[in-house]
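A.B. asks: For reference, each letter of the sequence shown is one residue, going 837 to 1188 in the numbering used here.
Backbone N, C-alpha and C define an ideal beta-carbon position, used for all residues, glycine too.
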Amino acid sequence: MNGSKVNLWDPLPVGGSDSLPHVIADYLDQCRSLLDTAVAQEETIAEAASLFAETILAGRMVHCFGSGHSRILVEEMWPRYGSFPGFNPIVELSLSFHNLVVGANGQRQAMFLENVHGLAARILRNYDLSPKDTALVASSSGCNLVPIEMAEEFKRRGVKVVAIISKAHSEASRSQRRDGRKLQDFADVVLDTGAPAGDAMIEVPGLETPVGPGSTIGGCMLINAIKVEVAALLTEAGKPPTVLTAPALVGNEKASQLFESAYDEHARRLAKLYAHIGEAPAEAPAARPRRDARPERTEERPRDDRGQERGNDDRGERSGGRDGGRGRVGDRDPRGARQSTVPRQSIVPRES
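#1: For residue 1181, count neighbouring C-beta atoms within 10 Å of its own C-beta (all shown protein chains included) and say buried if the count is 16 or more, exposed if not.
#2: If I follow the unbroken alpha helix (DSSP H) through residue 1087, where does it start and stop?
#3: Would a C-beta distance cut-off of 8 Å place residue 1050 and residue 1076 closer than the cut-off?
#4: Exposed or buried, which one is residue 1090 when buried takes at least 16 other CB atoms within 10 Å?
#5: Can you give, in chain order, each stretch of the beta strand (DSSP E) that sits fully within the stretch 962-1008 and has at least 3 residues?
#6: Can you tell me where the beta strand (DSSP E) holding residue 1070 begins and where it ends?
#7: Which whole-angstrom value describes the C-beta separation of residue 1000 and residue 972, a residue pair presumed to lie in contact below a C-beta threshold of 8 Å?
#8: Find the nearest neighbour of residue 1208 within the set 989, 974, 1062, 941, judged by alpha-carbon distance.
#9: Count the other CB atoms, across all protein chains shown, that sit within 10 Å of the CB of residue 1057; report buried if there are 16 or more and exposed otherwise.
#10: Where does residue 875 sit, in a helix, a strand or coil, going by DSSP?
#11: Quick check: residue 1061 and residue 881, are their CB atoms within less than 8 Å of each other?
#12: Mapping the DSSP letters down to three states, classify residue 1038 as helix, strand or coil.
#13: Quick one: what's residue 926 bridged to in DSSP?
#14: Nearest by alpha-carbon distance to residue 996: which of 929, 860, 1019, 987 is it?
#15: What are the start and end residues of the alpha helix (DSSP H) that includes residue 1043?
#16: Taking DSSP's pairing of strands, which residues face residue 1025 in a bridge?
#17: Pairs of beta-carbons, one from the stretch 859-872 and one from the stretch 1015-1033, closer than 8 Å: are there three or more?
#18: Between 1110, 1106, 1101, 1111, which lies nearest to residue 920 when the distance is taken from Cα to Cα?
#19: Can you give me the Cβ contacts of residue 1054 inside the same chain, cut-off strictly under 7 Å, excluding the 5 residues immediately before and after it?
#20: Quick one, which of 896, 929, 887 has its alpha-carbon nearest residue 906's?
#21: Nearest to residue 1073 by CA position, among 886, 879, 969, 1098, is which residue?
#22: DSSP has residue 1047 in a bridge; who is on the other side?
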């Protein structure tokens, strides 16, 4: 460098020791466009934050899930400096542990597991969910089976879902579901990272495929924009959050106090998710009698003055008697309508 100031947003010469390589400027310029995409979604971000704040104020949790690299957005939400309790990071290592690229726990297995039907339901079987909860599900393409089914399972349990996707990447991708539905089809609120189809943003001359993904940059901006708005809403409601804060800002003692308080609150909230695990569902109320159902005959057989049961001929049953065994079921009135032989008081009353 020659010491002169460089404006990253101005066109720059290519190559040379006295110039910034143009691909760096291109990448940073693309990141600026991701910021513009986030700014354009301010109202939608506020809508997502409002849902999350309601959940946290109700003493419940926002469940955050992402497979693959979308796990980064989950960990960006909580726990880290500048974050606070109220979020439940669901990080399934079988889907997102990228340190071992090949071999046991490698990426081939993880990419396969992302599309295993039923895995999302197995994961959520671990939690006692409530309609007061909300969920954040992140997936750049919105097309892998586990994130889609995760959102579907949340919705089935009455939990509202915020999805973070790349709209361009999702539109260019095919859903792994047979019916073609994608993550956004099960979401109440959808946010766009602004990343392009394929995620990578920069074309390098002589290189066949683009490099430099953008979904993590755009996604983290959305996550933190939601986070600060939730903090503002909680504070406005008189319930300011306990924020994990570095000792560099508040000193060791205060930082330790905040950490312990925040983690204790997280544990208390998390405990509610296990309160009724394994319990049998509430017993369903007894079914009402069908209006067209015949009333049961519950009366005792008539007896004579000696306490002996009267014969069949007195009951008019089919087994004989004065009707000659023809089986009188009920007399008929002059109009031909059948009259019941069951006493009125024995008829089961119908509910309205």
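C.D. replies: The short version:
#1: For residue 1181, the predicted structure reports a pLDDT of 42, less than 50, and the residue's modelled location is therefore unreliable. The matter cannot be settled from this model.
#2: 1083-1108
#3: no
#4: exposed
#5: 970-974, 996-1001
#6: First-last for residue 1070: 1051-1072, but that is the alpha helix (DSSP H), not the beta strand (DSSP E).
#7: 7 Å
#8: No information on residue 1208 is available, as it lies outside the stretch 837 to 1188 that the chain covers here.
#9: buried
#10: helix
#11: yes
#12: strand
#13: 901
#14: 987
#15: That residue, residue 1043, is in no alpha helix (DSSP H); it is neither H nor E in DSSP.
#16: 998
#17: yes
#18: 1101
#19: 870, 873, 874, 1029, 1030, 1031
#20: 929
#21: 886
#22: 1038
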